[in-house]
Amino acid sequence: RAKEMLKMFKEKCEKDVKWLTCSGEMGEKELKEVGFQNIEIIYHPEYPTTSEDTKEACRRLLGKVDIIVFCGGDGTARDIATVTDKKIPILGIPSGVKMHSGVFGVNPAATAKSLCEFLEGNLDVGEVEILDLDEELYRKGEWKIRLFDTVLGLIEPTYIQSGKATFESVSDEEMKEQIAEHIIEMMEKDDSLFILGSGSTLYKIGEKLGIEKTLLGIDAVHEMKLVGKDLDEKGILDLLDEYRKAKIILSPIGAQGFILGRGNLQISPEVVRRVGIDNIIVVATPSKLSATPILRVDTGDKNLDREFAEKGYMIVVTGYRIMKAVKIQSEER
């Protein structure tokens, strides 16, 4: 898959690119086989390589490159995230077993196009999610995906209409600000308990509210005040016993557009049924929706998943008083 992406990149991109890579099969071999000449070896791993080699290579790349391109799955993305934090964008060539994270191109061709567009200054950088299999639950026989971190990734440019025939480019961060303003305006007129999901868009809402929202956890707000932080399922259910009305605010997680079942397992089928599907609000920037045009659910409850699929569409808040109907489907459809 790496060679396939590199070949397509070589055909598409006219820029003179210098590649910093690792010796042997950790990058050098593939680059040379495709015909790249401008290569610098920054790390010589011992074979067979381990995750520590991936991390060490990334440490050596920091501050020296514009973007880190890797080949692998969610596990590799997670290893890289522990080193890069939000210092540099990363782009994954999909080739692992698990690829739910938002850093991956759809396929090698799309990855090559994204890399080329980025180097030519046509793609923005924004926060994307890293998801991975919960190893502890996996050892107990459960296949559960959780939100691990957020990193910098490539974001398709977002355009909003401003006037009759002109279009203005708007950054992902600006759209998160707009979404937060819309949600806060709604909260001011509603005495419901608001359960806030995970991810950077929800974090921005917390920031604008002036509360300590957890990035990766589930929190609750009532009358603009934090009433529950980093909640588990029981904590959410206890709050639902206390408050008469509730709404859940979610954002698509990862590359496949899941609003439930990836990274927010605390919002269980029981929680969803107690709140009601019609009281779920979805928020997403336009660039996020361009990468994940279909919303998905995988709650673990087939009947509940079917109820979502039968709705057909969910209304998604994409900016200040801007909403869009987006198709939703369950994993079984």
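In the numbering used here, the protein residues as written are 223 to 555.
We put the beta carbon where it would ideally sit given N, CA and C, even for glycine.
- Between the alpha carbons of G485 and V305 lies a gap of roughly 21 Å.
- By the beta-carbon neighbour count (other beta carbons within 10 angstroms, threshold 16), S512 is exposed.
- Taken through DSSP and simplified to helix, strand or coil, T514 comes out as coil.
- Under the 10 Å beta carbon count, R518 is surrounded by 16 or more other beta carbons and is classified as buried.
- DSSP places S422 in the helix class (H, G or I) of the three-state scheme.
- Contact holds between the region 261 to 280 and the region 244 to 253, because three or more Cβ pairs, one in each stretch, are under 8 Å apart.
- Pairwise C-beta distances place the region 459 to 473 in contact with the region 492 to 507, as three or more of them are shorter than 8 Å.
- The beta carbon of K533 is closer than 8 Å to those of I499, I550 in its chain, skipping five residues each way along the sequence.
- Annotation: S473 is outside any beta strand (DSSP E) and is labelled neither H nor E by DSSP.
- Runs of alpha helix (DSSP H) with 4 or more residues, each lying fully within the region 489 to 535, are found at 491 to 497, 508 to 513, 524 to 533, listed in chain order.
- Judged by DSSP in its simplified three-state form, V256 adopts helix.
- Taking 8 Å as the cut-off, the Cβ atoms of S323 and D296 count as close.
- Taking the C-beta atoms as reference points, L437 is found nearer than 8 Å to Y425.
- A direct Cα-to-Cα measurement between T521 and I481 gives close to 9 Å.
- With contacts defined by Cβ atoms closer than 8 Å, G479 and T514 form a contacting pair.
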